[in-house]
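**Student:** Following my numbering, the residues of the sequence shown are numbered contiguously, the last one being 383. The beta-carbon is built from N, C-alpha and C at its ideal position, and this holds for glycine as well. Dropping a structure here in structure tokens format, bear with me for questions.
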Amino acid sequence: MIIGVPKEIKNNENRVAVTPAGVSELSNNGHKVYVQASAGVGSAFSDEDYVSAGATMLPTIEEVYAIAEMIVKVKEPIEPEYNLIKPGQLVFTYFHFASHEPLTHAMMKSGATCLAYETVEKPDRSLPLLIPMSEVAGRMSVQEGAKYLEKPMGGRGILLGGVPGVRPASVVILGGGIVGTQAAKMAAGLGARVTIMDVSIPRLRQLDDIMPANVDTVYSNEYNIREAIRKADLIIGAVLIPGGKAPHLITRDMLKTIPAGAVMVDVAVDQGGCFETTKPTTHADPTYVIDGIIHYTVANMPGAVPYTSTLALTNATLPYAIQLANKGWQKACMESRELRHGLNIIDGKVVYKGVSEAFGLAYTPVEDFLK
Ligand SMILES: NC(=O)c1ccc[n+]([C@@H]2O[C@H](COP(=O)([O-])OP(=O)(O)OC[C@H]3O[C@@H](n4cnc5c(N)ncnc54)[C@H](O)[C@@H]3O)[C@@H](O)[C@H]2O)c1
Numbered sequence: 013m014i015i016g017v018p019k020e021i022k023n024n025e026n027r028v029a030v031t032p033a034g035v036s037e038l039s040n041n042g043h044k045v046y047v048q049a050s051a052g053v054g055s056a057f058s059d060e061d062y063v064s065a066g067a068t069m070l071p072t073i074e075e076v077y078a079i080a081e082m083i084v085k086v087k088e089p090i091e092p093e094y095n096l097i098k099p100g101q102l103v104f105t106y107f108h109f110a111s112h113e114p115l116t117h118a119m120m121k122s123g124a125t126c127l128a129y130e131t132v133e134k135p136d137r138s139l140p141l142l143i144p145m146s147e148v149a150g151r152m153s154v155q156e157g158a159k160y161l162e163k164p165m166g167g168r169g170i171l172l173g174g175v176p177g178v179r180p181a182s183v184v185i186l187g188g189g190i191v192g193t194q195a196a197k198m199a200a201g202l203g204a205r206v207t208i209m210d211v212s213i214p215r216l217r218q219l220d221d222i223m224p225a226n227v228d229t230v231y232s233n234e235y236n237i238r239e240a241i242r243k244a245d246l247i248i249g250a251v252l253i254p255g256g257k258a259p260h261l262i263t264r265d266m267l268k269t270i271p272a273g274a275v276m277v278d279v280a281v282d283q284g285g286c287f288e289t290t291k292p293t294t295h296a297d298p299t300y301v302i303d304g305i306i307h308y309t310v311a312n313m314p315g316a317v318p319y320t321s322t323l324a325l326t327n328a329t330l331p332y333a334i335q336l337a338n339k340g341w342q343k344a345c346m347e348s349r350e351l352r353h354g355l356n357i358i359d360g361k362v363v364y365k366g367v368s369e370a371f372g373l374a375y376t377p378v379e380d381f382l383k
């Protein structure tokens, strides 16, 4: 198969979807890989590294899209890319359709097959291509929160761990999945007083078993959230409803009850956000203030640590990319339930329930395309 790896063009996105090691694996499987010039530079991979691994470099993004049967990328296509995508082309990347109606319509119009990283699902319902980035974003959310809590950054001026004789910061984490767990580990490790909230009792039970003594687990409902945020210095939004929009757990009216100068990091921003006041920001201008509360809502947090993120992501995506290239998407998706779950749009039709429900679009069962 002919595989294209474009350079990411989203603001401050320095990750790349295939490393030189990945090119080498794909080439060894008999595939031809075209990489856009300088696509890997932001992740410390030079064009020479790619060529040595067997890639052919192409100078422009247009050439990569024009030649490839399968495009492998990192972030969802943005407007300048919409018209580069061809009917019948397989696009394997993060899409997050449920929070982005114009993208959904653009991809329906393109006639491409859109296989979304974020909905590839294992039999135990875990999301293997979200996990590595969630691990990065979860760990980073505390690092960013700590930074914006500093006075020169506009925050309350509180040190997460406190010092002997001075209480540590209070960190409230909404959602105890991958992001929430990694955030809790980091915040607890720095000495903060952490409350992690989830609606899953089995998950709270597990967290209670594995977390250190400075982490409390609390059932997530409106009453308990109102109670927890009254004294919070840092609030981290980390909920996920698979394939759907995040619920607004902190509404605009609740901001007045949070201490002034507190920081809210909404990691779930890519699914619409779990704070009502969330709007996506970029690394170039990551924060804004509403009612005295600093909002950090960068939609591609791992993009700021591209070296770590690219390696973590490609470790997880490459085995799937190889299956798709070796078998073609139809055979690969027929044989793998995990990959089949990743199909969101095929030939103008929405084949993922969460996306059709989000925008009231007709739903076509994926099986219709796999006969
Ligand atoms: N901004 C970024 O750069 C970035 C990077 C990675 C992941 N994310 C996003 O972070 C979010 C969390 O991802 P994850 O991998 O941790 O998901 P996950 O599925 O592992 O965890 C989500 C958790 O939210 C819980 N939950 C659901 N409804 C809840 C509610 N009402 N209150 C409290 N908890 C609730 C679930 O029970 C689950 O434990 C997702 O939206 C994901 O897309 C963003």
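Ends of the beta strand (DSSP E) at K44?
**Tutor:** K44 -> beta strand (DSSP E) spans 44-48.
**Student:** Considering only their Cβ atoms, is the gap separating K243 from S146 smaller than 8 Å?
**Tutor:** No, the Cβ-Cβ distance between S146 and K243 is not below 8 Å.
**Student:** Quick one, are the C-beta atoms of I97 and A337 less than 8 Å apart?
**Tutor:** Contact flag unset, no.
**Student:** Determine whether the Cβ of T72 lies closer than 8 Å to any Cβ atom of chain D.
**Tutor:** Absent here is chain D; the protein component of the structure consists of one chain.
**Student:** Is I190 near ligand 1, with its Cβ less than 7 Å from a heavy atom?
**Tutor:** Because some heavy atom of ligand 1 lies under 7 Å away, the Cβ of I190 counts as near it: yes.
**Student:** When burial is assigned at 16 or more other CB atoms within 10 Å of the CB, is A374 buried or exposed?
**Tutor:** Flag for A374 reads exposed.
**Student:** Specify, as a first and last residue, the run of the beta strand (DSSP E) that C126 falls within.
**Tutor:** Start and end: 125-128.
**Student:** Can you name the residues that DSSP bridges to F104?
**Tutor:** According to DSSP, which records beta bridges pairwise, F104 is partnered with V84, L127.
**Student:** Hey, how far is the Cα of H260 from the Cα of E91?
**Tutor:** Cα to Cα, the separation comes out at about 27 Å.
**Student:** Should L102 and L127 be called a contact, given that it needs their Cβ atoms to be closer than 8 Å?
**Tutor:** Yes, these two residues count as a Cβ contact at 8 Å.
**Student:** For the alpha helix (DSSP H) containing N40, list its first residue and its last residue.
**Tutor:** Residues 32-40.
**Student:** Which complete beta strand (DSSP E) runs does the stretch 162-199 hold, if anything under 3 residues is left out?
**Tutor:** List check, beta strand (DSSP E) in window: 182-186.
**Student:** Our contact map puts I247 next to V184 with C-beta atoms below 8 Å; I'd like the distance itself, whole angstroms only.
**Tutor:** With 8 Å as the limit, I247 and V184 qualify as a contact, their Cβ atoms being about 5 Å apart.
**Student:** Hey, could you find the ends of the beta strand (DSSP E) N26 is sitting in?
**Tutor:** Taken as a continuous stretch (DSSP letters only), N26 belongs to no beta strand (DSSP E), as it is neither H nor E.
**Student:** Kindly give me the distance between the Cβ atoms of L115 and I334, rounded to whole angstroms, as I take these residues to be in contact under 8 Å.
**Tutor:** At roughly 27 Å, the Cβ-Cβ gap does not stay under 8 Å, so L115 and I334 are not in contact.
**Student:** With Y308 as the anchor, note down where its beta strand (DSSP E) starts and where it stops.
**Tutor:** Taken as a continuous stretch (DSSP letters only), the beta strand (DSSP E) holding Y308 covers 305-308.
**Student:** Examine ligand 1 and report whether any of its heavy atoms sits within less than 7 Å of the Cβ of P140.
**Tutor:** For ligand 1, not one heavy atom lies less than 7 Å from the Cβ of P140.
**Student:** Whose C-beta lies closer than 7 Å to the C-beta of F57 among residues of the same chain, with five residues either side of it excluded?
**Tutor:** If we look at F57 and ignore the five residues flanking it on each side, its Cβ neighbours are V28, T31, P32.
**Student:** With a threshold of 16 other CB atoms inside 10 Å of the CB of T290, please say whether the residue is buried or exposed.
**Tutor:** Label assigned to T290: buried.
**Student:** Could you tell me whether any non-hydrogen atom of ligand 1 is closer than 7 Å to the CB of I253?
**Tutor:** Answer for I253: yes, Cβ within range of ligand 1.
**Student:** So is N41 buried or exposed if we call it buried at 16+ other beta carbons inside 10 Å?
**Tutor:** It counts as exposed.
**Student:** For ligand 1, is there any heavy atom lying closer than 7 Å to the beta carbon of Q335?
**Tutor:** Q335 Cβ: outside cutoff for every heavy atom of ligand 1.
**Student:** Closer than 7 Å to a non-hydrogen atom of ligand 1 - does that hold for the CB of N23?
**Tutor:** Result no, Cβ not under 7 Å from ligand 1.
**Student:** Could you check if N312 is buried or exposed, using at least 16 other CB atoms within 10 Å of its CB as the buried criterion?
**Tutor:** The residue is buried, with at least 16 neighbouring Cβ atoms inside 10 Å.
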